[in-house]
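Numbering (the working numbering), first residue to last: 4 to 262.
Structure, rendered in structure tokens:
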């Protein structure tokens, strides 16, 4: 439903049942799929592809050019998955030549005043809480929750099922299944409540806890801890995911438990 007080570029591809409220601006080369609702004063710029049944609240800006001095006007995009909610005044910049795309997955909640910079990759079922600021090329895996007013350094990788305390400064990678908090950011236990809510049984949670006791509480460096985990813990999807995360970390993994 096109609002007469909105501007929609004639080259934009808008599904018939999309709701567009007053004072919206939608640029060329934009795709918005079925069932999505665009609130008043939203700006959707060139290169945005927004999935089905999304809700975008007033004042959000999607697909503005990157805040990156290396950007030279190359054709890049933003992809938003299905059933994602983007709250008031959130900003999601499009990609640069580095990756070409900024991605936000399906079933995400991007709360008010969040900034997602160029070339970020947000997985499915993530919650990015009020006023979080994500620098360029951050990767956030599925089911992660980042507490309000946290700042994430460029290139940081946040693993699946992670919960991070509000107000955190996140300069190192955060491996999957954990809680993180304190200053500097450090291990605060396994996210057992979140895992139970998502169907993990107690035996699996205990296995993950045993892995992290070796990684974060044994006094070993990361390389030695990973070797011990491989030697002592039976192979499983979760064990191997944690090992590969640590081995592939480019920024280094956050600190272990600080009692």
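Don't be surprised by glycine CBs; every beta carbon is placed ideally from N, CA and C.
Asked                                                                                                                        : Found
beta-carbon residue 186 near the ligand FAD non-hydrogen atom, thresh 7 Å                                                    : The ligand FAD is not part of the structure shown, which contains no ligands of any sort.
Selection from 199, 69 and 249 that minimises the alpha carbon distance to residue 77                                        : 69
Start-to-end residues for the beta strand (DSSP E) that takes in residue 184                                                 : 181-184
Straight-line Cα distance separating residue 195 from residue 21                                                             : 39 Å
6 Å Cβ shell around residue 60 - same chain, five flanking residues per side excluded                                        : 42, 90 and 91
Beta-carbon proximity list for residue 172, same chain, < 6 Å, skipping 5 on both sides                                      : 154
Residue burial classification, residue 82 (beta-carbon count within 10 angstroms, cutoff 16)                                 : buried
Beta-bridge pairing of residue 52 - partner residues as DSSP gives them                                                      : 34 and 82
Collapsed DSSP secondary structure at residue 249 in the structure displayed                                                 : helix
Residues of its chain near residue 106, where Cβ-Cβ distance is below 6 Å and the 5 sequence neighbours each way are ignored : 82 and 124
Exposure label - residue 241; buried when at least 16 CB within 10 Å                                                         : buried
The segment 240-254 contacting the segment 205-218, beta-carbon criterion three pairs below 8 Å                              : yes
Per-residue DSSP class, three states only, for residue 66                                                                    : strand
Residue environment, residue 204, which counts as buried when at least 16 other CB atoms sit within 10 Å                     : exposed
Neighbour-count burial assignment, residue 10, 16 or more Cβ in a 10 Å radius                                                : exposed
Beta-carbon gap between residue 179 and residue 245 smaller than 8 Å                                                         : yes
Top-ranked residue by Cα proximity to residue 97, from 79, 85 and 259                                                        : 79
8 Å Cβ cutoff met for residue 167 and residue 177                                                                            : yes
Alpha-carbon spacing of residue 175 relative to residue 55, whole angstroms                                                  : 34 Å
Bridge-paired residues (DSSP) for residue 110                                                                                : In DSSP, residue 110 forms no bridge with anything.
Continuous alpha helix (DSSP H) stretch holding residue 191: start and end                                                   : Note, residue 191: premise wrong, no alpha helix (DSSP H); beta strand (DSSP E) at 189-193.
Cβ shell of residue 2 (< 7 Å), same chain only, five flanking positions each side left out                                   : With the chain represented from 4 up to 262, any question about residue 2 goes unanswered, as that position is not in the structure.
Coil, strand or helix - residue 14 by DSSP                                                                                   : coil
Same chain only: Cβ atoms within 7 Å of residue 138, ignoring 5 sequence neighbours per side                                 : 120, 155, 156 and 157
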